[in-house]
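Chains as they are written, first to last, in this note's numbering: chain A, 1 to 474; chain B, 475 to 948. Read through the structure below, which is laid out as structure tokens, and then see the notes.
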């Protein structure tokens, strides 16, 4: 089954691959660049998804389902879009035993087909805003793949909206990036860096891309999710027109925004340690594992009954409990397994505990290991879960600060970044020629920050038009 | 927007197509045989899906996600399977700008790839039973398509399980067909006919297929969902082996079972009427629509406020309420719209009602239209919803009985069936030559029933091996 994990400090990349598979989040698929999301990983994804889906609905969006297969001509309608996606497309050329007259693209994203439908559905300002979301699988033929971080097929939600005015589109993008920030910070316990993508890094066909960037423990950036103000070219290319309040024909303003299974990769990297995963309690498929401590001279059924009673009591309060009462495994082997899976809390209970009406409660972070009375258990489990959630976020924030640097001149910080990774906040003139200099250090502009503290461009020394953050990226 | 529906009695087929689109369940997609599931249809699907997902988990299954694209060689491993599915496959031959060495099939079902993983995951009897479920989209290149009933792409859950013994596999199939019956009868209010498929009608690669058949109002059958005892050939072809309790290597016993978006088509046909859909309350995206009756001499905001108060009170008790307080539409136009969408209950409220602290409560079936006091409203809404749910099922049962006939000789009932449709219970010798005679009347054996009342085969007059039911099918 599982073997020793690679050293997380010296071999982070291998550690990541191994922990994803050994913990039961995912498995290799027999299809290039694809993965299986295994039951434990899928339960985690469902918890994240359910929370986000709830918020998407609460903020006035409606779920729908659009076709997986998109006519090639649709993808080609918007020039920037096709240029961006062409190298990554999977193409169905044969169906029902015959060569298709027009090939069909397995969707890499659904702007084209959804905008086609918008053109049919939107006639008047009364039809706006139109706020649609889809939970779907998409396929992009990526060169290098890694489970969750970049897979040929991945799972996501893609929101697509249409509005009367540019301001409303802007407000929509803001609404959703704030939802994403809340989900990442308050549920996944991952602090984010928010900003705008440079022209060269934005979505193929967007006027503007807002991004959340995560800082991974190795000092590299992971793009967590994005929201786009879609170019009016889309509305024009797909003929989306509406009669505005003055009776004139107008094109609506469009947004799109997506959150993917990559979030699980972020969670693995940000919180994991040498023992394996650590899952934030608010999204944990298993919050508490109970391990009975059997003794040779005590009937194991007595302990098992007590364990089931405790499990039921906790479950009655919506706490996800797993009981590991296998008699052919040692407690040590069980501890190893559930630590690898990152279960936030553990309860041990043996005959002496039962006699005293107590259990031993510990947490995956090693914050405390204490005897807790039956009466106090529910309350203690809740408090400990909150503490683990809070501590995970604080730990991640601290590390983010350690990896965050101010850099003035690329000639100075570039070589350091290239060697040691890390995030560098600096100034930029917003010329692409300066941006291109970053390639020398395998780095990119992760985003343009809302701040403007550094006065000069990192490269040409001209006036900065706003701070940026520079890093290597996954 | 919407135009008059075709006559449901004289033009059922056109009525179906129109009501699906006009009610907002689905729309035509610009891809052959595909549909868009629109927000209202998707909300309905989510309600059905959430209920089934809950039961799938409660009965010990785990959700997971497997790749969309399956290597062609996998599909070809099991002879019956490939023979059954070959004509319907969509094939990816180009990806990432290059011709693929091995084409990839867009999954028509996932037995092959899941069994490949089972071979990796199952080593010992301790790994059994393995009970996996996937919510997914699948693609089958069908000749004739109709929204929900048969679409090129459809959405479903597919359960795949592996067991130590044939009995356990049998028990699993039974567990799930009973869940399906409960879902159809208790939630969708659709009575089902349960039985076993004949050899010629069973799933490609199954030893045995259990089916639920629905009787549509036009007397045709709709296969509602199926559970399969999968042939041991699959376990052999994919090399799924485990060490049994005696220490010997053995192949596990497999099942699969699926429930699809076709269920929505069944619901439309079984319950709909000349005004449009009728959605069973237990799965209705909107349980009650509130239509305020504005009067010229009364400030509309007074009525609107009262309507919002009532809506909030009902929503606080988990009742899905829609408020239609548009001032530019007549009450009549609103009634038409919400009847078309099949909302089970309607509340009207005008100034006089407010003064009397009452509303007018009516239901989509026309069972009652009564004045109800504010104090009684919540209770009355619940009772009416229950009554609508119960009445829908009883109505469907009655019609099922009307369309159910006993037939002795195909020469007698065949011509009648061909002309007037309907279900014919008869005897069968279980020879395929007799089964083939049904083609003359465009009919098939829908299933072998658990009963054995008719003594002779409908065709050859030899001893019957069990009752069957014969009908034309969608």
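Ideal Cβ positions, reconstructed from N, Cα and C, are used throughout, including at glycine.
Check: Please state whether DSSP places residue 333/A in a helix, a strand or coil.; Outcome: helix
Check: Taking residue 421/A as the reference, which of 156/A, 378/A, 220/A has the closest Cα?; Outcome: 220/A
Check: Extract the residue ranges of the beta strand (DSSP E) inside the segment 38 to 86 of chain A, only unbroken runs of 3 or more that lie entirely within it.; Outcome: 69 to 71
Check: Residues of chain B with CB under 7 Å from residue 92/A, in chain order?; Outcome: 564, 565, 566, 580
Check: Buried or exposed, going by whether 16 or more other CB atoms sit within 10 Å of the CB of residue 790/B?; Outcome: exposed
Check: Measuring alpha carbon to alpha carbon, tell me which residue in 389/A, 347/A, 398/A, 251/A is nearest residue 371/A.; Outcome: 347/A
Check: What is the residue span of the alpha helix (DSSP H) that residue 654/B lies within?; Outcome: 640 to 656
Check: Output yes or no for whether 8 Å exceeds the beta carbon distance between residue 518/B and residue 657/B.; Outcome: no
Check: Give the DSSP-derived three-state secondary structure of residue 475/B in the structure shown.; Outcome: Any reading at residue 475/B is ruled out, since the residue's pLDDT is 49, under 50, leaving its predicted position unreliable.
Check: Enumerate, from N- to C-terminal direction, the unbroken alpha helix (DSSP H) stretches of 4 or more residues contained entirely within the segment 658 to 729 of chain B.; Outcome: 706 to 711
Check: I think residue 381/A touches residue 314/A, with their Cβ atoms under 8 Å apart; what is that distance to the nearest whole Å?; Outcome: 6 Å
Check: Taking only beta-carbon positions, decide if residue 504/B is within less than 8 Å of chain A.; Outcome: yes
Check: So residue 633/B packs on residue 535/B, CB below 8 Å; how close in whole Å?; Outcome: 6 Å
Check: Give a yes or no on whether the minimum CB-CB distance between residue 537/B and chain C is below 8 Å.; Outcome: Of the chains in the structure shown, none is chain C; the protein chains are A and B.
Check: Let's see if you can read the secondary structure: which residues bound the alpha helix (DSSP H) around residue 302/A?; Outcome: 300 to 315
Check: Should residue 81/A be labelled buried (16 or more other beta-carbon atoms within 10 Å of its own) or exposed?; Outcome: buried
Check: Could you tell me the alpha carbon to alpha carbon distance between residue 481/B and residue 571/B, rounded to whole angstroms?; Outcome: 51 Å
Check: Who are residue 898/B's beta bridge partners in DSSP?; Outcome: 879/B, 944/B
Check: Can you check whether the C-beta of residue 15/A is within less than 8 Å of a C-beta belonging to chain B?; Outcome: no
Check: Give the C-beta separation of residue 699/B and residue 739/B to the nearest angstrom, bearing in mind that I take them to be a contact with Cβ-Cβ under 8 Å.; Outcome: That pair is no contact at about 12 Å.
Check: Is any beta-carbon of chain A found at less than 8 Å from that of residue 494/B?; Outcome: no
Check: Just the C-alpha distance for residue 162/A and residue 853/B, rounded to the nearest angstrom, thanks.; Outcome: 40 Å
Check: Helix, strand or coil: how does DSSP classify residue 768/B here?; Outcome: coil
Check: Does chain B have any CB closer than 8 Å to the CB of residue 414/A?; Outcome: no
Check: Based on DSSP bridge pairs, tell me the residues matched to residue 610/B.; Outcome: 630/B
Check: Shortest alpha-carbon distance to residue 68/A belongs to which of 610/B, 842/B, 781/B?; Outcome: 610/B
Check: Flag this pair as yes or no: are the beta carbons of residue 701/B and residue 643/B separated by less than 8 Å?; Outcome: no
Check: Near residue 493/B, which residues of its chain fall below 7 Å by C-beta distance, leaving aside the five closest residues on each side in sequence?; Outcome: 479, 742, 746, 750, 751
Check: List the whole-angstrom C-beta distance separating residue 558/B from residue 678/B, where the pair is believed to meet the contact cut-off of C-beta under 8 Å.; Outcome: 2 Å
Check: Over what stretch of residues does the alpha helix (DSSP H) that includes residue 827/B continue unbroken?; Outcome: 825 to 830
Check: Does residue 438/A pass the burial test, meaning 16 or more other C-beta atoms within 10 Å, or should it be called exposed?; Outcome: buried
Check: Within the 8 Å Cβ cut-off, does residue 325/A reach chain B?; Outcome: no
Check: Are the segment 405 to 415 of chain A and the segment 425 to 433 of chain A in contact at 8 Å, needing three or more beta carbon pairs?; Outcome: yes
Check: Go through its chain and collect everything with a Cβ distance to residue 443/A's Cβ below 7 Å, but skip five positions before and after it.; Outcome: 417, 470, 471, 472
Check: Distance, Cα to Cα, residue 500/B vs residue 507/B?; Outcome: 13 Å
Check: Leaving aside the five residues before and after residue 927/B along the sequence, list all residues of the same chain whose C-beta is less than 6 Å from its C-beta, in chain order.; Outcome: 941
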